[in-house]
Amino acid sequence: MTSRLAFDLERRHAGGPTIRAALTEELAPGQVLVLFGPSGSGKTTVMRCLAGIDRPDAGFIRFGGESWFDGAARIHVPPQRRRVGLLFQDHALFPHLSVEANVGYGLHGLPAPEQRERVGETASLLGIQDLLTRRPGQLSGGQRQRVALARAIAPRPRLLLLDEPLSALDAPTREELRGELRALLHRIGVPSVVVTHDRVEALGLGDRLAVLAEGAVRQIGLVHEVFSAPSDLVVARVVGTENVVRARIFGSEAGLVRVEIGAARMLAVDPGHIEGEVFACIRAEEVLLERAPHAVTSARNQLPGTVTALSLEGPLVRVTLDVGFRLVALVTRPGAEQVGLAVGGPVVALVKAPAIRLVPRG
Amino acid sequence: MDLQALRLSLALAAATTAALLVIGLPLAAWLATTRWRFKVVLEAVVALPLVLPPTVLGFYLLVAMGPKSPLGHAWVAAFGRPLAFSFEGLLVASILYGLPFAVQPFAASLSGVDRRLVEASHTLGVSWIGTFFRVTLPLAAPGVLAGAILTFAHSLGEFGVVLMVGGNIAGETRTLSISIFDSVEQLDYATAGRTALFLLAVSFAVLVVTYSLRRRPVLG
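So the protein sequences, as listed, match chains S and W. This note's numbering puts the first residue of the first sequence at 719, with every later residue one more than the last. This note's numbering puts the first residue of the second sequence at 2, with every later residue one more than the last.
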């Protein structure tokens, strides 16, 4: 059963920009919608309005057939009655309470034995049973994250909101938790909205992605599709020029992994601890183009294919190739002339193994 | 030392502190969170006793409590005795005079509590009041305690307002500082010295406790 999230809201900040965002999306249980945008795009404002801790100046917010906010009808359902789980960027755990009391904080309506049971259940789901007697100050970043998530899901919310859930963590913990968090969100079975400006976070966590830029939602679709095929220049600037394609790891050798992308097979650097379905990210600037395959080259991947489109972007040329999958390269105009690029013509794309970034799909 | 005066001063300080916890905490909580445009006016009113000469406040209170004023009249009708020159009148004066010493540190420590913790509590279904008692107050407790101690110490030694409103009635309105004044007038410097030393020691001890509760100045 899906729940429909629909909003069209406007929030004015005194002396700041006006945030506008509109979106209608069916959210399935366990599905993750990413709200992606640069800092200042208003994504945190949108999230705070969804949670009810900020009030839009105009517009509406509806979820699952309920009206949470309606500027015209003067409806504002307070956060207490929205049954939304909110995960703050820096976790906002109650420092004076034990982990157990933090996780059980939202369960005040239940009888004591049920509270204990629910805390135990949630703790074992997140693997924090051994931390229950500790204080937040005694936890590592990753542990705090799990406790915060446990606290948010213990009251069985109808919608989970996560504000840049991985950004407060150090890099190694972030890598470790990204796949784990996605698996958890799916297992919890509650639809989630993740706000982020980090592409890797968006790819690693999201099913669908909405791009928020210049005060409005510009594009919405499957995560890798939006990244690979931005609908307009604004979105392209926000998401960057990167190829994001579905891939599958099918073997490894000497620190490198073999990946299958569409009909092509490539070698990439092993990011460690991942297997199976992944996203492969290749920056368009890092794809080299040649007329014919090289006998001797340091690049591990030579992909023969054809040019399907050429477009000028200032001093650069954006070249769309078919090399068994859709690949975009960004080269200079003199470079394009030297190689003799023409639509329909043959070309060989060179991609170094370290230029391919693999993001696990959980 | 006048033990009756000591007992009276302790009772007055304790009652004042208790009353200011009840009145001052909600007021401070409101001041710490509101975005009301004219909030500064109320803040100024609360801070007035800090700069106003005690005799000025005392004078107005005396007039307000007098038998000709509506308040004084109603009090006599209800309790059969005047509010001025009574312990109750003294308490009212002491509460008003102690307002900034309670409300300012309360507001400072309450507004020092991370807003996101309050918001987190709200999204977890806990009401505004529940959040205040489960999150805000426990986290602001050291500052609130410091404010309460400061209020107690300040009320213990109050002189000007007390003299104006309460006069000098043994067992009813003669507090420690008034007993010092009394002793000096009677040229009994030995008794005055003992009482003064006692108040000095109490004030010093209170400040040491207050500063150890909070590293920064309470009124800063």
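Ideal Cβ positions, reconstructed from N, Cα and C, are used throughout, including at glycine. Bear in mind that the values here come from a model prediction, so they are computed numbers and not experimental data.
In the assembly as shown, A981(S) is an exposed residue. Its beta-carbon has fewer than 16 other beta-carbons within 10 Å. Look at the segment 870-881 of chain S: the residues with a C-beta under 9 Å from a C-beta of chain W are A870, A872, P873, P875, L879. Judged by beta-carbon spacing, V911(S) lies beyond the 8 Å limit of M719(S), meaning their Cβ atoms are not closer than that value. Per DSSP, the unbroken alpha helix (DSSP H) holding T56(W) starts and ends at 55-66. Put simply, the backbone Cα of L201(W) is about 22 Å away from that of P54(W). Under the three-state reduction of DSSP, V865(S) is assigned to helix. In the assembly as shown, K761(S) is a buried residue. Its beta-carbon has 16 or more other beta-carbons within 10 Å. Within its own chain, the residues whose Cβ lies closer than 6 Å to the Cβ of R729(S), once the five positions on either side in sequence are excluded, are I737, T763, P774, D775, listed in chain order.
Think of a sphere of 8 Å around the beta carbon of A931(S): no beta carbon from chain W falls inside it, the nearest being about 26 Å out. Closest in C-alpha terms to R926(S), from the list L741(S), P735(S), A732(S), G734(S), comes L741(S).
In this structure the segment 22-37 of chain W touches the segment 103-120 of chain W; the number of beta carbon pairs closer than 8 Å is three or more.
The DSSP assignment places 889-906, 917-923, 941-946, 951-957 as complete runs of the alpha helix (DSSP H) inside the segment 875-957 of chain S, in order along the chain (cut-off: 4 residues).
Contact fails between the segment 130-140 of chain W and the segment 59-74 of chain W, because fewer than three Cβ pairs, one in each stretch, are under 8 Å apart. Rounded to whole angstroms, the gap between the alpha carbons of I181(W) and T192(W) is 8 Å. Excluding sequence positions up to five before and after E744(S), its CB lies within less than 7 Å of the CB of T720, R722, all in the same chain and listed in chain order. Nearest to T1026(S) by C-alpha distance, out of V1046(S), P797(S), A972(S), is V1046(S).
The residues L849, L850, R852, V865, in chain order, have a CB closer than 6 Å to that of V817(S) in the same chain once the five nearest residues on each side in sequence are set aside.
With contacts defined as CB atoms closer than 8 Å, L208(W) and T196(W) fail to qualify as a contacting pair. Scanning the segment 824-874 of chain S for uninterrupted alpha helix (DSSP H) segments of 4 residues or longer gives 830-844, 859-871, listed from N- to C-terminal end. Going by DSSP, G1023(S) is part of the beta strand (DSSP E) stretching over 1019-1031. The continuous stretches of alpha helix (DSSP H) do not include L188(W), and DSSP gives it neither H nor E.
The alpha-carbon separation between S858(S) and T1024(S) amounts to approximately 50 Å. Between the alpha carbons of I1000(S) and P1033(S) lies a distance of about 21 Å. When the alpha-carbon of G161(W) is set against those of G144(W), F199(W), S95(W), Y212(W), the nearest one is in S95(W).
With contacts defined as CB atoms closer than 8 Å, Q863(S) and L895(S) qualify as a contacting pair. When Cβ pairs closer than 8 Å are counted between the two stretches, the segment 959-976 of chain S is seen to touch the segment 928-947 of chain S, the count reaching three or more. Using a C-beta cut-off of 8 Å, the segment 1052-1067 of chain S makes contact with the segment 1002-1010 of chain S, since at least three inter-stretch Cβ pairs fall below that distance.
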